[in-house]
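One structure is given here, and the rest of the page talks about it.
Residue numbers (full-length UniProt numbering): 1 to 327.
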């Protein structure tokens with residue numbers, strides 16, 4: 001188990017977003033009209049790494065909703081993501097703890113998605129074991145429900161994880177081939193490039209699946225309700241892939257919390273079909289991706305994303321090194 005390490009900035013304080021009052025008057029008027037009442041309270045989301053508007057809004061009548069908005073001109077990628085999130089959450093299996101969409105709206109050059117507001121909070125780090133247990137139990141339900149996804153979800157045309165892995169999670173191979181350079185490699189990676197590239201290269205073959213997964217299972221995409229139940233947010237990256245890959249990404253923060261991440265992974269129902277070295281392949285690929293992204297220079301999203309990516313890379317490499325017996 002690792003010594004406890006926390007990210008350079010808490011996950012619930014990484015976002016730099018406009019507030020409700022910063023939105024164009026025409027847009028606020030259109031949202032209020034769709035809600036059927038004036039908005040008298042707004043709480044901007046602190047988590048996330050984009051600059052899209054995201055906030056819980058409350059109307060004078062007391063109705064609370066979660067609203068996201070992005071410019072169709074300056075934030076086209078975000079508006080596309082929000083539209084996809086609305087389509088996905090509308091057809092996810094009913095038994096899943098997911099905020100459902102109420103409506104979408106195009107107004108004042110913005111795309112808007114309105115979802116049910118979840119009365120909850122993001123888990124803190126290091127993980128409280130009971131909160132991690134609740135999150136893992138909820139994800140077991142997700143994995144089971146998406147093992148044979150319903151036709152409506154399949155019909156959305158989700159990408160395949162094995163293809164995504166080949167396209168964007170093969171950076172150790174690029175480093176070995178000399179097509180990519182990193183000025184600041186952690187020591188454990190600098191001396192293990194061939195092994196890291198070999199592990200990473202196995203991942204595409206391991207991740208071809210007819211099951212579906214969240215695709216971005218992180219602490220800041222989890223909400224814990226007052227009863228302690230876990231809800232999952234931000235379903236934009238739904239894809240065809242094995243549930244154990246989601247689990248591996250989430251448990252990087254369990255490793256960083258000093259918990260027995262190997263035991264948590266191996267005992268989880270989502271990992272029942274993981275290849276013997278599937279977790280190692282996932283950790284290798286994720287660490288390479290995070291390291292390269294961390295070195296990419298300032299982001300147009302959150303100013304905190306590069307430090308978070310570097311921390312995530314170091315944690316996943318530490319976990320992998322312990323599993324492999326690397327010094």
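Using N, Cα and C, we set each Cβ at its ideal position, and we do this for glycine too.
Just so you know, these numbers come straight off a predicted model, no measurement behind them.
For residue i, the first and last residue of its enclosing alpha helix (DSSP H)
i: residue 102; result: Not the alpha helix (DSSP H): residue 102 falls in the beta strand (DSSP E), residues 101 to 107.
i: residue 22; result: Note, residue 22: premise wrong, no alpha helix (DSSP H); not H, not E.
i: residue 289; result: 278 to 294
i: residue 253; result: 243 to 256
i: residue 265; result: 261 to 266
i: residue 79; result: 76 to 91
i: residue 308; result: 305 to 324
i: residue 95; result: Premise fails: residue 95 is in no alpha helix (DSSP H) and is neither H nor E.
i: residue 171; result: 171 to 177
i: residue 152; result: 151 to 154
Own chain residues within Cβ distance below 8 angstroms of residue i, not counting five before or after
i: residue 225; result: 118, 119, 120, 231
i: residue 125; result: 6, 7, 10, 11, 219, 253, 256, 257
Residues near residue i in its chain [Cβ-Cβ closer than 6 angstroms; skip 5 each side]
i: residue 305; result: 49, 299
i: residue 160; result: 240
i: residue 114; result: 65, 67, 102, 103
i: residue 35; result: 59
i: residue 307; result: 8
Proximity winner among the options, relative to residue i (alpha-carbon distances)
i: residue 65; options: 74, 46, 41; result: 41
i: residue 276; options: 253, 287, 244, 258; result: 244
i: residue 122; options: 279, 238, 250, 12; result: 12
i: residue 218; options: 296, 158, 135; result: 135
i: residue 198; options: 175, 302, 29, 111; result: 175
i: residue 234; options: 318, 85, 171, 327; result: 85
i: residue 169; options: 290, 238, 323; result: 290
Boundaries of the beta strand (DSSP E) in which residue i is found, first to last residue
i: residue 116; result: 110 to 116
i: residue 56; result: 53 to 59
i: residue 44; result: 39 to 44
i: residue 334; result: Since the displayed the chain opens at 1 and closes at 327, residue 334 lies outside it and no answer follows.
i: residue 222; result: 222 to 225
i: residue 230; result: 230 to 232
Contact test: residue i Cβ vs the ligand FMN heavy atom, cutoff 7 angstroms
i: residue 102; result: Of the ligands one can find in the structure shown there are none, so the ligand FMN has no counterpart to examine.
Own chain residues within Cβ distance below 7 angstroms of residue i, not counting five before or after
i: residue 271; result: 244, 247, 265
i: residue 301; result: 49, 50, 51
Would you check if the region 230 to 250 and the region 95 to 102 touch, i.e. whether three or more CB-CB distances between them fall below 8 angstroms?
Contact between the region 95 to 102 and the region 230 to 250 is present, because at least three Cβ pairs lie under 8 angstroms.
Pairing CB atoms from the region 99 to 108 with CB atoms from the region 200 to 218, are three or more of them under 8 angstroms?
With contact defined as three or more Cβ pairs closer than 8 angstroms, the region 99 to 108 and the region 200 to 218 are not in contact.
Does the pairing of the region 178 to 185 with the region 289 to 299 give three or more beta-carbon distances under 8 angstroms?
Counting Cβ pairs under 8 angstroms, three or more are found: they touch.
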